[in-house]
Amino acid sequence: MDELRIAGLPSIPPLGLGTWQWGDRLIWGFGRGYREDDTEAAYRAALEAGVRLFDTAEVYGFGLSERLLGRYYHACSPRPLVVSKMFPYPWRFSRRALLAALRQSLLRLRMERVDLYLLHWPWKPVPLEGWAESLAEAYELGLARAVGVSNCNLAQLERVARVLARHRVPLAVNQVEYHLLERGPERSGLLEAMRAEGIVLMAYSPLAMGWLTGRYSLENPPPGRYRAQRYMRHKDRIPALLEALDQVARKHGATPAQVALRWCIERGTLPIPGAKNAQQARVNAGALRLRLDREDLARLEGA
Ligand SMILES: NC(=O)c1ccc[n+]([C@@H]2O[C@H](COP(=O)([O-])OP(=O)(O)OC[C@H]3O[C@@H](n4cnc5c(N)ncnc54)[C@H](OP(=O)(O)O)[C@@H]3O)[C@@H](O)[C@H]2O)c1
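Using the numbering used here, you'd call the opening residue of the sequence shown number 56 and step up by one each time.
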């Protein structure tokens, strides 16, 4: 199986699991159709299938995602890498808020340090350089084994990298939206620049919030206004893309979700699909064992 290395951390298979769903009622409907038992089963199934990185954040389920992940982490082995993030709420006026938030996350996760800690969005009121100083401090204090950012464009990434370099702290990752319907990081040059610097692109919403799983279509969109509307600017491309995913999946005896995730892996990124239950976690981890040839990639990208 192929491996991916995040600076400062051991190599892992190039697919993680996202846990925004674990506790979130508003967008994902936690408690309606899936509950804690299902998320625990998802954790175990993913571990069993070789997944070694779980992504959470203080905002997911207002801390519940971190609590659940911490509970499962301590109950099962082997121990995967754990990623969490600080949300720059507008009332966080001081860069010190980052360390305070990290300490609260560690309490919920019941850990002494997190493997990777990210700034969730490059937002004020604290200038990006201030947040970057605090990320360096988290690393120097040993509260995070590696640090990075999320939702940064190239210019923002460079500002953070400059600050971290002064502290000799590697900028390990930038977590951004990336999948077959959202290829902005390629067009902007972000992906290529990150590759050149050895910064890992963690691809969030790699299934376009469910749109690329084959379960939904323009006639049958995902539940909830947010998920249903989010990709409507691409609505002319969606039917052809779903058709291409289905064709490639059939050819390999795979599912459209596995093909969509494998495409992210083939682009050198680390997809972190969200899973609500064991079945989804198991299917998604199957992308680690799938191989796509040049013809498959051309068909997907052409669509
Ligand atoms: N840094 C950031 O700003 C940011 C933003 C967004 C997400 N993230 C992270 O990225 C992770 C993934 O992104 P995401 O959750 O937005 O979207 P996603 O991974 O593209 O989609 C996840 C959803 O797709 C459906 N699904 C997953 N696997 C499936 C399968 N095998 N078969 C059928 N349906 C399946 C499930 O929803 P249904 O069952 O309801 O269809 C699941 O909740 C999040 O959990 C979070 O950790 C980070």
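Cβ coordinates follow ideal geometry from the N, Cα and C atoms, glycine included.
### Query
Do you know how far the Cα of Arg344 is from the Cα of Gly308?
In the sequence shown, counting from the first residue as 1, residue 308 sits at position 253. In the sequence shown, counting from the first residue as 1, residue 344 sits at position 289. Distance from the CA of Gly308 to the CA of Arg344, rounded to the nearest whole angstrom, comes to 12 angstroms.
### Query
Quick one: is Met166 buried, meaning 16 or more other Cβ sit within 10 Å of its Cβ, or exposed?
As a working note, residue 166 is residue 111 in the sequence shown. Note on Met166: 16 or more other CB atoms within 10 angstroms of its CB, so buried under the neighbour-count rule.
### Task
Flag Tyr127 as yes when its Cβ comes closer than 8 angstroms to any non-hydrogen atom of ligand 1, and as no otherwise.
Start at 1 with the first residue of the sequence shown, and residue 127 comes out as number 72. No, Cβ of Tyr127 sits at least 8 angstroms from all heavy atoms of ligand 1.
### Query
Who are the Cβ neighbours of Glu184 in its own chain at under 7 angstroms, not counting the five residues just before and after it?
If you number the sequence shown from 1, residue 184 lands on position 129. Around Glu184: Arg214, Val218.
### Query
Regarding Ala353 and ligand 1, is the C-beta to nearest heavy atom distance less than 8 angstroms?
The residue labelled residue 353 in the question sits at position 298 within the sequence shown. The answer is no for Ala353.
#### Entry: Whole-Å CB distance - Ser120 paired with Trp75, under 8 angstroms assumed
Working through the sequence shown from its first residue, we reach residue 120 at position 65. Working through the sequence shown from its first residue, we reach residue 75 at position 20. Contact between Ser120 and Trp75 holds: their C-beta atoms lie close to 7 angstroms from each other, under 8 angstroms.
### Query
Can Gly116 and Gly78 be called in contact, C-beta distance under 9 angstroms?
In the sequence shown, the residue the question calls residue 116 occupies position 61. In the sequence shown, the residue the question calls residue 78 occupies position 23. By the CB criterion at 9 angstroms, Gly116 and Gly78 fall inside the cutoff.
### Task
Anything with a beta carbon under 6 angstroms from a heavy atom of ligand 1 counts; list them all in chain order.
In chain order, the qualifying residues are Gly73, Thr74, Trp75, Gln76, Trp83, Asp110, His175, Ser205, Asn206, Gln230, Tyr259, Ser260, Pro261, Leu262, Ala263, Met264, Gly265, Thr268, Arg270, Pro277, Ala312, Ile327, Pro328, Gly329, Ala330, Lys331, Gln335, Val338, Asn339.
### Query
Between Gln313, Ala248, Tyr144, Thr111, which lies nearest to Pro180 when the distance is taken from Cα to Cα?
Taking the sequence shown and counting its residues from 1, the one referred to as residue 180 is at position 125. Of the listed residues, the one whose Cα sits closest to Pro180 is Tyr144.
#### Entry: Asn339 burial status per 10 Å Cβ neighbour count (16 or more: buried)
Translated into positions along the sequence shown, residue 339 becomes position 284. So Asn339 ends up on the buried side.
### Task
Let me know the secondary structure DSSP gives Glu232 once reduced to three states.
Within the sequence shown, the letter at position 177 stands for residue 232. DSSP places Glu232 in the strand class (E or B) of the three-state scheme.
### Task
Spell out a yes or no on whether the segment 252 to 259 and the segment 228 to 241 are touching, meaning 3 or more CB-CB pairs, one atom from each, closer than 8 angstroms.
With a cut-off of 8 angstroms, the segment 228 to 241 and the segment 252 to 259 count as touching, because enough Cβ pairs lie within range.
### Query
So what's Ile67 in DSSP terms, helix, strand or just coil?
The count along the sequence shown starts at 1 and reaches residue 67 at position 12. The three-state reading of DSSP puts Ile67 in strand, counting E and B together.
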